Every structure is written in C-alpha cells, then in structure tokens.
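Protein chains in written order, with the working numbering: chain A, 18 to 576; chain B, 317 to 645.
Heads up: the structure comes next, in structure tokens.
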Amino acid sequence: MILDHDVVVLGAGLAGMRAALEAARAGVKVAVVSKVHPVRSHSGAAQGGINAAIGKDDSWEIHAFDTIKGSDYLADQDAVEIMASEAPRDIIELEHMGVTFFRDDQGKLGTRAFGGASKARTYFVGDITGQALLYTLYDQILKAGVQIYEEWFATALYTVEGACRGAVCIDMLSGELHLLRAGAIIMASGGCGRVYEPSTNALICTGDGIALAYRVGAPLMDMEMVQYHPTTLKGSGFLMTEAARGEGAYLLNASGERFMQRYAPKMMELASRDVVSRSETIEIAEGRGVDDCVFLDLRHLGPEVVMRKLPQIHEMALDFLGIDMLTTPVPVRPGMHYIMGGIKTDATGATAMPGMYAAGECACVSVHGGNRLGANSLLDTLVFGRRSGAASANYARQVQPLTSGEDFLRSEQVRIAALLERPYEGETHARLRLELGTMMDRNVGVYRDEAGLQAALQTIQQLKQRYQHVAVGDKSRVYNQALTFVLELGYMLDIAETIVYSALTRTESRGAQSRTDFPKRNDAEWLKHVVIHSHDGQAPAIDFSPVSITKWPPQERTY
Amino acid sequence: MKWTIVVGRYDKDQPAGSGYPPPFESAAAKRYQTFEVDLPEHAMVLDALIQVREYQDESLAVRCACRSAICGSCAMWINGHANLACTSKLRDFTVDGKVTVESPPSMPPIRDLVCDMTPFWQKNRQVRPWLEGKEPVPAGEEYRVPNAAMENLIQEVGCISCGACLMDCESFAVNQNFLGPAALAKAYRYTADPRDAETRDRLKTYSEPDGVWDCTHCYECVQQCPKGVAPLEQILKLRRMAVEEGFTNNAGTRHAYAFAESVKDSGRLNELTLMPKSFGLLNIRAQLQSLPAAFNMARAGKLPPLIHKKIPGLARIKSIFAKVGGKFK
Ligand SMILES: Cc1cc2nc3c(=O)[nH]c(=O)nc-3n(C[C@H](O)[C@H](O)[C@H](O)COP(=O)(O)OP(=O)(O)OC[C@H]3O[C@@H](n4cnc5c(N)ncnc54)[C@H](O)[C@@H]3O)c2cc1C
Ligand code: FES
Chain A
18 MILDHDVVVL GAGLAGMRAA LEAARAGVKV AVVSKVHPVR SHSGAAQGGI NAAIGKDDSW
78 EIHAFDTIKG SDYLADQDAV EIMASEAPRD IIELEHMGVT FFRDDQGKLG TRAFGGASKA
138 RTYFVGDITG QALLYTLYDQ ILKAGVQIYE EWFATALYTV EGACRGAVCI DMLSGELHLL
198 RAGAIIMASG GCGRVYEPST NALICTGDGI ALAYRVGAPL MDMEMVQYHP TTLKGSGFLM
258 TEAARGEGAY LLNASGERFM QRYAPKMMEL ASRDVVSRSE TIEIAEGRGV DDCVFLDLRH
318 LGPEVVMRKL PQIHEMALDF LGIDMLTTPV PVRPGMHYIM GGIKTDATGA TAMPGMYAAG
378 ECACVSVHGG NRLGANSLLD TLVFGRRSGA ASANYARQVQ PLTSGEDFLR SEQVRIAALL
438 ERPYEGETHA RLRLELGTMM DRNVGVYRDE AGLQAALQTI QQLKQRYQHV AVGDKSRVYN
498 QALTFVLELG YMLDIAETIV YSALTRTESR GAQSRTDFPK RNDAEWLKHV VIHSHDGQAP
558 AIDFSPVSIT KWPPQERTY
Chain B
317 MKWTIVVGRY DKDQPAGSGY PPPFESAAAK RYQTFEVDLP EHAMVLDALI QVREYQDESL
377 AVRCACRSAI CGSCAMWING HANLACTSKL RDFTVDGKVT VESPPSMPPI RDLVCDMTPF
437 WQKNRQVRPW LEGKEPVPAG EEYRVPNAAM ENLIQEVGCI SCGACLMDCE SFAVNQNFLG
497 PAALAKAYRY TADPRDAETR DRLKTYSEPD GVWDCTHCYE CVQQCPKGVA PLEQILKLRR
557 MAVEEGFTNN AGTRHAYAFA ESVKDSGRLN ELTLMPKSFG LLNIRAQLQS LPAAFNMARA
617 GKLPPLIHKK IPGLARIKSI FAKVGGKFK
C-alpha cells in the first residue's frame, strides 16, 4: 500500500509526539510511525526530570552556561540559547496539557537539584517524569486526532532527487510492507544504547533512524560523544536516576569513602556525568571498587524521602538484586546511557537533506556537545520536537505531491523477501549483537585509545562481513521479530562504525571522549564538530563543522 | 540454574484448529511447547523468554522493551493470571517444576505471547483521556494547585498500560463493552484533576451503562496491577463523585441505594426487591426480562424466601447508618 501525508514523523517518543502535535496545529496532514505503541517508547523510562530556568533566582543565561560548560564547550551556543530561553514556555505548556508536576507550598511548580547544574531547576513528577510527559503527549495527539501507525517498523527512507520523501515500513501485525509518502519526514527515532552492552536503554533503542538517515546520505555529527551514566545497576545495567544524588545520595568506594571529594570537591556527587563516570572508573581500576562497582548510598535520606521521591529505584534494586536501599548501599558502575551525537540539524530541526528533519536523541543540534547534562534531554526533545514540527509543516506545504514510489516499495519487498530466505549457516543476530555490544563497552567506553579503537574498527568490519550470513530464524508473516532484530543489527553495525571513526578522528579529550593517548582538551585544534557521511559503500567520509560561540568563551572545567 | 518454561504457541496465520479457549476456539491451533533454560537465581520470566528467543527458537514472539516494569509491553498470562514477565521471578512462579506462560484468553491472540491490545486502547480512547483545561488558562504561568492534588493523581499516572487489569477483569469477561479498570482509572485521573473543566460532564458519561457501575468488585485488577494503581479504588472514587454530583438516575446507583435501604430496614439483603429497585420500579420491560432467570432460580430452589425477616439487633445496624450519616441517616 502507498499512503500519503504531508508530514510523517518517524518515532513516537517525546520528540516525535511533540513534533506531530505542532505539525497538526499548523494544519497539515500528519502521521506518526512507531515500532512499538507510542507509550512504550523509551522516553517513558526517564526518571529524573526536565530542566528549565523558571525560578526567580535562576535565569536562562545561567542554564545556558551550565549546559555549555557541561558540554565541555562543544555545544553550539546559539542553539543552547534557544533551548534554554524557550524552556520555560515549553514546561508551562506541558503543565497546561495536564502534566502532574511536583508543586511547592504555594502550589507553583517545584524543583529538585541535578548534576552539573548550579541551580535547582529540574521539574519532575515523582521518579516517573518521562512517563508522565509521554502519556500527556499521547493523550494530546489523541485529542488532536493525529494518525498513528503503531507497531510499524521502518526499513528504508525514500528519496527523490536528493530530497527525503517517505519511509517504507513493515506492519508487524500483518507482515506487510507499506510506503508512507510525505512532503517531509521528521526523524524522531531515539537513541542507540543497545550498540553497547550493558546499557541503560531499552531493547528497542537500536538507533534505527540515525542509521536510516546516514544510509541515504544525511551527515551525522558528534558521534564519538557517548555518555556513560555514573550510576547503573550492577549486572543488568538499569539506571539508578541521578535524582538520587540530587536528593543527596552518596557515592562510596570499597572502604566507604565519599571518593568524589578527591575529584570534584565543590560539586561532589553532583559534578557533571562524564566527570563522575571517569572518577568511578579510576576508583575501580585502582582497586577501590568491589566487583567492578562502587556503591550508591541512600540510607541517610531516610524512608520518607526514598519512598516518596525515589520509589522506582528502590523497587528496582529490590527486584533485580534483592537489595533494600533503605538499609544497604547498592553496587553501581558507569554504563552506556545516551548519545550526544546524531543526525546533524540546525535549530529548526532541518538536516542537510531537503525534506528531512530530526529531533530528540537521534538528532544533534548540537545542544549537548561533549556531554549532556541530566534533565536536558527531555527538554531537547520538546523544544526541538516543537520546532521541527513547525518547520517541516511549513516546508511540506511547498512541495509537490508525488505519484512515484511503487518501484521503490517493490524493491524493498524484494530485499526483505531475500533476507527472509537466506539459509541458516550458523550466524545468529543474538550472538553478533552480544559480541558487538560487549566489544563496544570494552574498547569504546569511558576511556579510549588509538589501539583499542583500531581493534574495535577491525572487529566491526568482521562483524559486518558475518552479518551478511545471518539468517532470519522465523519464516512467519505475522509479528516476525527475528526479521526486525536482524534489521536492527544492521543499523547498529553502521552506527558503531560511525562512533569509532569519529572517536579515532578526535585526537583530544573532551566531554565524554577521554583518550588516554591524548589526555588534554585541545581548543586550538579541536574546538569543532566531527561530521561523518556515508560514502558509497567505502570508508565513511569525515569533515568538520565549526562550534558556534556567542557569549561564553571556553574555560577550564572544574566542579 | 535450570528452569523449565512452558509456552503457549500460536500463529494466527496457521490454519484453524482446536485448542484455543472460547471465544477464539475457531482460531488457529494453539499448542504448548516446553523449553529448558539456564539462568541465575534472580532471573525473571522475561529473561527466560529472551533466552529462548535468542538461542533456541527465534520464532517465539514476545513484546518487551524496558525489562523493568516501565514500558508495559510484557503483560501475559503466567500460570493463569496476568502479570509482567519482566518482574516475575522464575523462582516465585515455578510450580511443579515449571512456569506456564501464554497470551491471555480474554484478548484476541495474534502470535505466541503477543495479543491484540486494540480493546484496551479503544477503551482508553473512549474516556476522553486528556485535560480539558479550565478557562482562563493562566497566561505564561502554571495553574496554581496544591501538591496534594497532584499526588492524588500520581497513583494513576504510574499506570503503564500493560493491560494486566483488563486481561483478568471478571466484568470484561462477560461484557466486552465494559470500559474496564485501566480506562476508568484514567477517567478518574482527569476527572479529579483540579485543572479540568469537564468534571460534571465526565461523571455523567462514566455513570452510563458499561461505566463505573459495571464493575463487580472482583478485585482482580487490584491484585494484578504491577504498579499499585488499584483501578477499583479509582472506580469507587468516581462513583462517589458521581453520586455527589447527583448522577443517581441509573441502575448502579439505584442498586447501591436499594442495597443500603434493605440492610438498614431489615439488617440483610432483600433479594426480591433488589432487582426491581435497581432497574427502576417503573421499568417493567427490564423486570419482565429478568423473569426467566427467576423461574430458573425457583426451579433450582434458589429463590429467596417470599417473607423477608428482620435480623435481631437491628438497632445496632441502624446506629451504624446514623453514624455514617448521609442519605440513610
Ligand atoms: C533510563 C533512562 C533515564 C533517563 N532519564 C532522563 C531524565 O531524567 N531526564 C532527561 O532529560 N533525559 C533522560 N534520559 C534521556 C531521555 O529519556 C531520552 O534521550 C529521550 O527520552 C529520547 O526521546 P526521543 O523522543 O528522542 O526517543 P524515544 O523516546 O526513544 O522514541 C523513539 C521512537 O522511535 C521509534 N522507532 C525507533 N526505531 C524505529 C523504526 N525502525 N521504525 C519505527 N519506529 C521506530 C520508537 O518506537 C519510539 O517511538 C533518560 C534515558 C534513559 C535511558
Ligand atoms: S518489558 Fe517493559 S514492562 Fe516488561
């Protein structure tokens, strides 16, 4: 089937639904596509909160500065200014839509503290902020009557004369492929956490949209900037929200010392994430950890605070490790959490490819630069989701409708059918996925060097070879997940490659990129973004993009 | 550790056959397949399913994403009751050496553990699940509301739409049109939101047939909910609000009144008058419709005694009513 819309949004997390809502408000015909039901999107997992400088003693300039400092001066300051200055209106708008934000004594919005922020400016709903926002936006797109294609999985983007004009998707329930044709496409497909193992991300965070965009030639930026979160649960890698430290939790080493006093005496546990993750990695490497972990300690906060403000992590520690955080510190380690990089966009969400917009974790504006501050990502999804929704609607109105596309749909059908028929030769998607993820965690994690990165690149190339022989172990039409897992693995391999190439290119340490062979930040040479393009099946092409500096010249970063 | 998991397999594409329970008995054949997995002590049912899907049988279909009771994907029948696979420990659910998982028979099956959630989402959509903000919307700032009013809603905001409540709802089992626990909990969330302008209108709609009064208090939803939403409690709150707003001209309220009246007058339930009073004394048609059931009861010797006796110590019951106050003082 071929279906026509003005704007098609690929992804129904916060970025996608916010974009769809804005496009619908602009009066164009809009649809959202999601490989899971919208409320299953990974945005629902965000526990901690969302930043905005609303309070009297705060200002958007301070928020912008914290963000820029947090980014290790790699964020584009013009874009950060937009995000920080528009944040208050987006939070207020969400409140008007019905989000049950925490209130202060006067019934006004109340805040909590978060890492890397000089003021308490994080707005929240218990420890289910992402879920509360996600459901509110879902309710709003129902209200607005936006068309939703749920459990539709995108396999390819359709381009016509260099412009992005649609996406082919598998309807999981029927197994059929359809072409969604559009004036403009908004990529809002989220992050790629599963490229690493373990990761705080859900199993569905496989970077599909980033890879799809890359494959049709849209440049990616800052892909080397992979955030490791300081507190992920031992074993499973589940996130223990930063809000725990925001509420006053301690990080302890094996001897019970609050080791952050040696690394960030001012901000302690609430220093920026890259700083805390590195400190933990050093503690563990130097033998002051236990089983490759340090400890997150909530005991002194008392049951009242823990059960009211942090019930979810209390429950998780109990469920997955059998530890009661009221009485026992829980073992945590740095774990892959977020990708600052993504599809390169401007501040309206427009990518380098006409007709393609991007917002949320799959995009790189760049407002996070080398390191994202906690609670800035939800904000990013809303501000730039809204902006890309408006800009794409405007753009879509000016393009001519298409009549082509049948050939493209047919070629995708043939490609997928061939994949399904591939004989089993011993390779499975699960084994390759695991090999890729553990290798990335080992070689392309908190600390990196040339040798490790070269080895990673080699492994990825071998995995790509082997990928050509992975068979789909399910031949049914209906809800064929083996097929989508194989497709996802393909996306992840492409993304891993761009991460490693970018990390090799940046021969300095900045933000989340810590090169032991180039341990210093080098502003003279590297105050610029690494941009990577696909290149006709050959090694990707790299070039650079300047960092926009408005008011805040780079300084040394201490916490 | 070795675990045994028995999985209900189904593919709606396969030819029709026997084996699936009503109302889907005409659907494709369902069969049970046993798998052995090697997983640690703390492992969850979902870990076992993923293990199977990744290393034993790639054709096993199961929805999951977060693995930590956040996304709501993985509700299924585990040993005959709805539960989240990702937080159900194998250890706790292994009975006679095995855990049995399958798609809940109350929902249309699609493939293996994946059921059709359309009924769930339709019900959600039916309750008008969005804020109809009070005018005037404060310009450039938030609505001022007490934190307690927000915390009151958070119980429902914690709902992850896994559908476990609906899957095991007794009322839904006999009436597919019943709005169901999750949707009604959501209805409460918006009705009780101090920022909502449509409280009265909402209460009116939710009091109609298939709404709050169709719940039979079986408590399955409270028991099955993995997030403590306790939908039944939200339904009871909606009933109270509806009655307070004067929406009493419906079978549900009349039933509740007739119930209370009977207990107050005689200390026990007068089943003979309960039905007519619930339908409305003038609703002759509905009363006639219940006659066949009455005859059947009479034949089975289940008809209540025609003379309704009062119990001893009635005064003490009356004093309870007096203390509670309200309409029956
Ligand atoms: C555990 C955790 C906690 C976090 N806590 C916070 C926090 O407190 N504050 C904060 O600011 N940030 C937080 N973050 C980060 C933040 O949650 C995410 O960056 C953000 O929610 C991403 O939103 P998104 O809309 O870009 O993507 P997602 O919400 O991931 O949505 C992606 C969408 O794309 C769809 N999709 C993907 N691939 C395909 C495909 N092939 N076909 C069709 N559809 C597809 C998916 O179905 C989904 O609907 C947290 C992240 C994690 C992992
Ligand atoms: S996998 Fe998300 S709720 Fe179970």
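The C-beta atom is built at its ideal place from N, Cα and C for all residues, glycine as well.
All values derive from a computational prediction rather than experimental measurement.
Distance between beta carbons of residue j and residue i, contact taken as under 8 angstroms
i                 : j                 : result
Asp-511 (chain A) : Ala-228 (chain A) : 4 angstroms
Arg-511 (chain B) : Leu-447 (chain B) : 6 angstroms
Lys-251 (chain A) : Leu-338 (chain A) : 7 angstroms
Arg-441 (chain B) : Leu-38 (chain A)  : The Cβ separation is near 17 angstroms, so there is no contact.
Gln-430 (chain A) : Leu-220 (chain A) : Not confirmed; about 27 angstroms, so no contact.
Tyr-90 (chain A)  : Leu-544 (chain A) : 7 angstroms
Val-463 (chain A) : Pro-351 (chain A) : 6 angstroms
Span of the alpha helix (DSSP H), counted from its first residue to its last, around residue i
i                 : result
Pro-105 (chain A) : 94-114
Thr-368 (chain A) : Looking at the DSSP string, Thr-368 (chain A) is not in any alpha helix (DSSP H), and its letter there is neither H nor E.
Tyr-231 (chain A) : 225-232
His-446 (chain A) : 446-460
Ser-216 (chain A) : Segment: none, Ser-216 (chain A) is in no alpha helix (DSSP H) and carries neither H nor E.
Phe-425 (chain A) : 423-438
Chain A residues whose Cβ lies nearer than 7 angstroms to that of residue i
i                 : result
Ile-426 (chain B) : Leu-190, Val-495 and Tyr-496
Residue range of the unbroken beta strand (DSSP E) whose run includes residue i
i                 : result
Lys-318 (chain B) : 318-325
Ser-551 (chain A) : 545-552
Lys-361 (chain A) : 359-361
Ser-51 (chain A)  : 47-51
Thr-589 (chain B) : Premise fails: Thr-589 (chain B) lies in the alpha helix (DSSP H), 587-595, not in any beta strand (DSSP E).
Asp-23 (chain A)  : 19-27
Asp-341 (chain A) : Counting along the chain, Asp-341 (chain A) falls outside any beta strand (DSSP E), and DSSP gives it neither H nor E.
Pro-351 (chain A) : 347-356
Cys-382 (chain B) : From DSSP, Cys-382 (chain B) is part of no beta strand (DSSP E); its letter is neither H nor E.
Neighbour flag for residue i against chain B, beta carbons, 8 angstroms
i                 : result
Gln-430 (chain A) : no
Arg-403 (chain A) : no
Leu-126 (chain A) : yes
Any C-beta of chain A under 8 angstroms from that of residue i
i                 : result
Ile-600 (chain B) : no
Cys-380 (chain B) : yes
Glu-418 (chain B) : no
Val-528 (chain B) : no
Leu-588 (chain B) : no
Val-430 (chain B) : yes
Pro-462 (chain B) : yes
Thr-564 (chain B) : no
Arg-441 (chain B) : yes
Ala-631 (chain B) : no
Thr-403 (chain B) : yes
Glu-457 (chain B) : yes
Ser-635 (chain B) : no
Under 8 angstroms by beta carbon: chain A residues contacting residue i
i                 : result
Lys-328 (chain B) : Val-495
Cys-541 (chain B) : Going along chain A, no residue has its Cβ under 8 angstroms from Cys-541 (chain B), so there is no contact; the nearest lies around 14 angstroms.
Thr-507 (chain B) : Going along chain A, no residue has its Cβ under 8 angstroms from Thr-507 (chain B), so there is no contact; the nearest lies around 12 angstroms.
Arg-383 (chain B) : Ala-219, Leu-220, Ser-253 and Phe-255
Gly-474 (chain B) : Gly-143, Ile-145 and Gln-148
Contact list for residue i against chain B, beta-carbon separation under 7 angstroms
i                 : result
Ala-137 (chain A) : The contacting residues do not exist; Ala-137 (chain A) stays about 16 angstroms from chain B at best.
Ala-499 (chain A) : Glu-374 and Ser-375
Arg-120 (chain A) : Val-461, Pro-462, Asn-463 and Met-466
Arg-621 (chain A) : In the structure as shown, chain A begins at 18 and stops at 576. Residue 621 (chain A) is therefore absent and cannot be evaluated.
Met-333 (chain A) : Ser-384
Any non-hydrogen atom of ligand 3 within 7 angstroms of residue i CB
i                 : result
Gly-388 (chain B) : Absence of ligand 3 is noted for the structure shown, with ligand 1 and ligand 2 being the only ligands found.
Proximal residues of chain B, C-beta to C-beta of residue i below 9 angstroms
i                 : result
Gln-157 (chain A) : Trp-446 and Leu-447
Partner residues on chain B for residue i, Cβ-Cβ distance less than 8 angstroms
i                : result
Gly-72 (chain A) : Neighbours of Gly-72 (chain A) on chain B: none; closest Cβ ~12 angstroms, over 8 angstroms.
Under 9 angstroms from the C-beta of residue i: neighbouring residues of chain A
i                 : result
Leu-607 (chain B) : Residues of chain A passing the Cβ test: none, with the nearest at roughly 43 angstroms.
Quick one: complete beta strand (DSSP E) runs, 3+ long, within the segment 496-533 of chain B?
-> none
Taking the runs of the beta strand (DSSP E) that are 3 residues or longer, which of them lie wholly in the segment 607-638 of chain B?
-> none
Beta strand (DSSP E) runs contained entirely in the segment 392-430 of chain B, provided each spans 3 or more residues = 397-400, 415-418 and 425-427
Scan the segment 286-324 of chain A and note each continuous beta strand (DSSP E) run of 3 residues or more that stays entirely inside, going in chain order.
-> 311-314
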